[in-house]
Amino acid sequence: MNRRDALISLVQLTALSVAGSAGASVISARTPMPVGTQPEALPKPPRKGGLAYLAADEAREVAAIYDRLIPQDELGMSASQAGCVEFIDRELAGAFGQAASVYRLGPIVPGTAEQGPQFTQTPAERYRSGLGALAGYCQAHYGKPFSALDGDTQDSLLRAMENGTLHLPAINAAAFFALLLQNVREGYLADPMYGGNRDMVGWKLIGFPGARYDYRPYLDKKGMALNLEPVSLLDGAG
Amino acid sequence: MAHARPKADVVVIGLGWSGSVIAEELARAGLKVVAIERGAWRDTASDFPPSVDTDELRWATRKEILQPPKLETYTFRNNASQQALPVREWSNLTLGYNVGGAGTHWAAASWRFNPFDFQPYSKTIERYGKGQLVPGLQVQDWGITYDELEPFYDRFERIAGTSGQAGVVNGDIIPGGNPFEGSRSRGYPTPPLVPSRWNDIFTEKTTEMGYHPFPVPAGTISRAYVNALGVHMGPCTYCGYCQLFGCGNWSKSSPNACVVPALMRQPTFEVMTETEVLHINKSADGKTATGVSFIGKDGVVGEQPADIVIVAAYQLDNVRLMLLSGIGQPYDPRTKQGVIGRNYSFQTLSYAYLWFENEYLNPFINTGCLAIQIDDFNADNFDHTGLGFIGGAGIQSLSNNGLPIGMAGVLPKQAPAWGKGWKKAFQHSYQNWAMIQGQGTSYAHEAMYFDLDPTYKDNYGRPLMRMTFDYNLNDKRSGEFIRKQCEAIAHAVGGTQVESYNFANDHYTPFRANDSSHTIGGVVMGTDPKTSALNRYQQSWDVHNVFVLGASSFPNNGGFNPTVTLGALALWTAKAIREQYLHNPGPLVQA
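Okay, structure coming up:
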């Protein structure tokens with residue numbers, strides 16, 4: 000038994016011994032507590048390798064959309080170059096994509112704008128249906144997928160989704176656009192251990208030093224560029 | 000057959016700030032105390048060391064530290080003619096879900112309320128007359144004054160290690176502090192934080208304008224401190240991972256850092272974690288509570304008998320538990336009768352967002368509450384004659400925001416939201432954006448309330464709570480007044496672009512960025528059982544061995560963050576239980 004297994008078994012033992020008595024975990028001054036950070040608390044970098052949720056053609060279309068939202072220019076690489084497609088693929092396969100924390104009990108009815116999102120679908124399902132609806136629209140109007148359109152046409156389509164003037168069957172195009180924009184920013188700006196923000200390009204864009212934990216040496220350096228090299232939560236990420 | 004646990008002297012529902020400080024007081028007095036916490040055990044060393052904590056996506060964006068809405072949420076509508084719908088994912092509300100409650104992930108602004116906030120009715124009548132109150136406003140005194148609460152504020156600050164600059168001590172005004180604050184018996188346990196560049200700019204200009212800037216009292220503490228319970232805290236490192244994060248530094252006041260280490264050493268205390276209280280049980284005559292029923296994560300239902308029941312969950316959950324348990328008469332907005340669900344108030348926010356031309360504000364150097372404030376337009380610190388409202392706001396330069404995903408959308412209105420233009424605008428805005436926040440008072444209105452939803456259920460098939468809320472005329476007027484003050488300061492400090500907002504100009508929505516998370520009232524304390532659920536000791540008027548702690552007790556909200564006030568009230572109630580109730584169990588105030 001290695002150390003990690005030993006820790007886990009201690010947690011399970013503690014839980015079992017009290018569960019048997021009361022259906023609850025009871026902790027008092029006499030409870031032996033496990034030492035060290037529990038496995039579920041540790042950072043969870045996604046696995047490396049091939050796509051986990053998106054199909055290859057979906058990933059290609061996401062890359063095309065994301066690269067209009069965050070393009071390559073003199074300020075840095077594009078979203079797909081920074082790994083944002085891998086980022087969202089893992090997110091959609093995980094708790095976020097599966098709406099693991101969302102209240103999903105019905106009836107699901109549309110409400111006022113003030114009442115907020117009332118989606119019947121998970122984010123993963125919204126990507127699938129949204130990409131499908133956009134692909135159908137592009138095929139019908141241009142005879143080719145979004146990714147094969149020229150940049151200006153792509154931008155005007157995205158702008159029409161954003162401002163609600165493009166109507167796609169069975170989905171709310173403006174809400175889908177908002178989801179895409181939120182996710183591409185997340186991929187570009189989250190810790191690189193999640194698969195995006197390659198070389199910490201998003202952090203370098205704005206001068207954010209990343210997962211640093213102590214700025215006391217800089218408190219008196221007010222109003223000046225600090226040029227701090229960003230760091231990731233995990234050594235070697237990015 | 001439900002499993003019955005051995006009887007306790009006291010059962011505490013929820014182990015956040017209120018629950019942990021009262022549990023510590025009562026266990027130290029020798030009582031057998033059992034706390035029941037819905038979330039899991041969490042401690043600093045194991046669960047949020049710096050190697051776990053500094054992750055914006057996990058904690059701030061995905062909000063992993065909050066109670067999942069899937070487990071329990073509430074339904075919302077703006078008015079009684081609408082169908083309420085569930086809030087399916089969180090935006091601005093931040094319900095806790097662990098040992099430590101919301102006190103683990105709070106921003107740690109550590110305010111005392113202004114003396115006016117406890118007596119808004121009598122002080123308004125005295126100064127302006129009834130005509131100052133807009134129709135339908137439910138304004139009432141709390142039954143406790145600032146001066147009565149002062150020793151308990153002092154004690155709570157000594158537990159939390161609060162950093163700040165006193166403004167009034169024993170009636171004497173101290174330069175650099177808040178001259179409008181209630182008089183303190185002594186200064187803060189630790190000195191103020193080092194201000195940010197943005198804080199400095201704000202201080203200089205508001206001083207020139209004749210206002211009285213002072214450091215916001217902070218639970219991100221400025222230096223090492225051994226607190227009143229003997230727990231060692233460390234100095235804040237200004238890392239900026241505060242709100243929605245645990246602190247890995249022992250430098251943010253929290254139940255986990257400040258109270259639980261001492262509490263867990265009390266031999267008469269135990270906590271049941273990952274266990275949810277379903278309802279409070281009453282005796283056959285309905286006059287006392289016999290304990291609580293709970294359900295463990297394995298689905299086993301049990302019963303915890305106790306002589307005293309302390310309800311100390313989040314404000315929304317406190318109201319719902321009282322409704323589900325049938326303690327106190329539910330409020331009916333048509334008849335204006337009933338008290339549970341009455342006096343819901345929120346917080347009226349106004350902002351000026353401004354952009355400098357060529358600054359290095361280095362916004363990543365911050366704490367959840369690194370701010371300079373003026374109170375010149377808060378509470379009743381200015382003459383409201385002819386203004387048509389009561390209250391106001393604390394107006395602050397807040398440096399609490401440097402994390403990139405959250406900042407990616409903070410751009411001037413005309414800036415592109417994507418494309419090359421967005422990258423350029425974001426790069427500039429990140430170092431040049433600042434906010435002036437007006438954190439406003441809020442007063443209840445007779446049409447705004449909580450009840451149980453007729454349609455939507457939790458995972459156990461029990462009704463969710465329903466919130467019916469929109470801003471009232473007093474909110475709209477005070478918010479507009481404060482918006483103008485924020486805007487004027489934004490121009491004065493040299494903002495080359497300024498946008499200002501009075502949130503109360505729009506319908507309320509739980510999905511507005513940068514809105515308050517401070518939900519207030521619903522089970523309020525007061526002097527009259529017809530208009531309050533609790534007496535001045537936070538004791539139920541109807542069931543005398545039930546005490547309800549938290550912001551649910553506040554009949555109105557101050558222009559401040561609520562945590563230190565609810566902590567002080569928990570200590571005040573602990574003393575009343577220890578010194579009065581235990582000797583003679585019964586109502587501490589005759590109705």
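Going down the list, the protein sequences come from chains S and U.
Taken in order, the first sequence gives residues 0 to 237; the numbers are from numbering that gives the first Met the number 0.
Taken in order, the second sequence gives residues 0 to 590; the numbers are from numbering that gives the first Met the number 0.
We put the CB at the ideal spot given by N, CA and C, even for glycine.
- Unbroken alpha helix (DSSP H) stretches of 4 residues or longer found wholly inside the stretch 77-163 of chain S: 83-92, 122-141, 150-161, given in chain order.
- Residues of the stretch 495-522 of chain U whose Cβ lies closer than 8 Å to any Cβ of chain S, in chain order: His-506, Tyr-507, Thr-508, Pro-509, Phe-510.
- Going by DSSP, Val-98(U) is part of no beta strand (DSSP E) at all; its letter is neither H nor E.
- Residues Ser-128 of the same chain have their beta carbon placed closer than 7 Å to that of Gln-120(S), with the five preceding and five following residues left out of the count.
- Look at the stretch 213-225 of chain S: the residues with a C-beta under 7 Å from a C-beta of chain U are Asp-213, Tyr-214, Arg-215, Tyr-217, Leu-218, Lys-221, Gly-222, Met-223, Ala-224, Leu-225.
- Per DSSP, reduced to three states, the secondary structure at Met-232(U) is strand.
- Closest by C-alpha distance to Arg-37(U), out of Pro-49(U), Tyr-237(U), Ala-101(U), Gly-290(U), is Ala-101(U).
- Listed in chain order, the positions of the stretch 97-126 of chain S with a beta carbon within less than 9 Å of a beta carbon of chain U are Ala-98, Ala-99, Ser-100, Val-101, Tyr-102, Arg-103, Leu-104, Gly-105, Pro-106, Ile-107, Val-108, Pro-109, Gly-110, Thr-111, Ala-112, Glu-113, Gln-114, Gly-115, Pro-116, Gln-117, Phe-118.
- Here Lys-281(U) is buried, its C-beta having at least 16 other C-beta atoms within 10 Å.
- At a cut-off of 8 Å between beta-carbon atoms, Cys-238(U) makes contact with chain S.
- Measuring C-alpha to C-alpha distances from Ser-146(S) to each of Ala-112(S), Gly-209(S), Val-61(S) identifies Val-61(S) as the nearest.
- Remark: C-beta atoms of Pro-254(U) and Thr-103(U) approach each other more closely than 8 Å.
- Taking the Cα positions, Gln-372(U) is about 14 Å away from Ala-378(U).
- For Val-167(U), the closest alpha carbon among the candidates Asn-113(U), Tyr-330(U), Gly-340(U) is that of Asn-113(U).
- Counting only Cβ-Cβ distances below 7 Å, Pro-68(U) has contacts in chain S at Ser-100, Val-101, Tyr-102, in chain order.
- Restricting attention to Leu-132(U), Arg-76(U), Trp-58(U), the CA atom closest to the CA of Thr-467(U) is found in Arg-76(U).
- Spatial neighbours of Val-11(U) in its own chain (CB-CB distance under 6 Å, excluding positions within 5 residues in sequence) are listed in chain order as Gly-18, Ala-22, Ala-34, Ile-309, Ala-311.
- When C-beta distances to chain U are compared with 9 Å, the residues of the stretch 25-37 of chain S below that value are Val-25, Ile-26, Ser-27, Ala-28, Arg-29, Thr-30, Met-32, Pro-33, Val-34, Gly-35, Thr-36, Gln-37, in chain order.
- For Glu-498(U), the uninterrupted beta strand (DSSP E) segment begins and ends at 496-501.
- For Val-300(U), the secondary structure class from DSSP, reduced to helix, strand or coil, is strand.
- Residue ranges of uninterrupted alpha helix (DSSP H) with 4 or more members, entirely inside the stretch 159-212 of chain U and ordered along the chain, are 196-207.
- Residues of the stretch 30-58 of chain U with a C-beta atom less than 9 Å from some C-beta of chain S are Val-33, Ile-35, Ala-39, Trp-40, Arg-41, Asp-42, Ala-44, Ser-45, Asp-46, Phe-47, Pro-48, Pro-49, Ser-50, Val-51, Asp-52, Thr-53, Asp-54, Glu-55, Leu-56, Arg-57, listed in chain order.
- The criterion of a C-beta distance shorter than 8 Å is not satisfied by Leu-568(U) and Leu-581(U).
- Around the beta carbon of Ala-58(S), a 10 Å sphere encloses 16 or more other beta carbons of the protein chains shown; the residue is thus reported as buried.
- Restricting attention to Asp-375(U), Asn-177(U), Gly-408(U), Gly-393(U), the CA atom closest to the CA of Ile-435(U) is found in Gly-393(U).
- Segment contact: the stretch 552-565 of chain U against the stretch 441-456 of chain U, three or more CB-CB distances shorter than 8 Å; contact assigned.
- Within the DSSP secondary-structure output, His-278(U) pairs in a beta bridge with Ser-292(U).
- Taking 4 residues as the minimum length, the alpha helix (DSSP H) runs contained wholly in the stretch 371-408 of chain U are 403-406, in order along the chain.
- By the Cβ criterion, the stretch 491-511 of chain U is not in contact with the stretch 419-430 of chain U, since fewer than three pairs of Cβ atoms, one from each stretch, lie closer than 8 Å.
- Scanning the stretch 16-72 of chain U from its first residue to its last, the whole alpha helix (DSSP H) runs of 4-plus residues come out as 16-27, 43-46, 49-52.
- Look at the stretch 34-65 of chain S: the residues with a C-beta under 7 Å from a C-beta of chain U are Gly-35, Thr-36, Gln-37, Ala-40, Leu-41, Pro-42.
- Using a CB distance below 7 Å, the part of the stretch 178-194 of chain S facing chain U consists of Leu-180, Arg-184, Glu-185, Leu-188, Ala-189, Asp-190, Tyr-193, ordered along the chain.
- Interface with chain S (8 Å Cβ-Cβ cutoff): Met-271(U) is included.
- Among the residues of the stretch 408-427 of chain U, those with a Cβ less than 8 Å away from any Cβ of chain S are Gly-408, Ala-416, Trp-417, Gly-418, Lys-419, Trp-421, Lys-422, Lys-423, Phe-425, Gln-426, in the order of the chain.
- The C-beta of Tyr-429(U) comes closer than 8 Å to at least one C-beta of chain S.
- Sequence-ordered contacts of the stretch 63-97 of chain S with chain U read Arg-67, Leu-68, Ile-69, Pro-70, Asp-72, Leu-74, Gly-75, Ala-94, Phe-95 [C-beta pairs closer than 8 Å].
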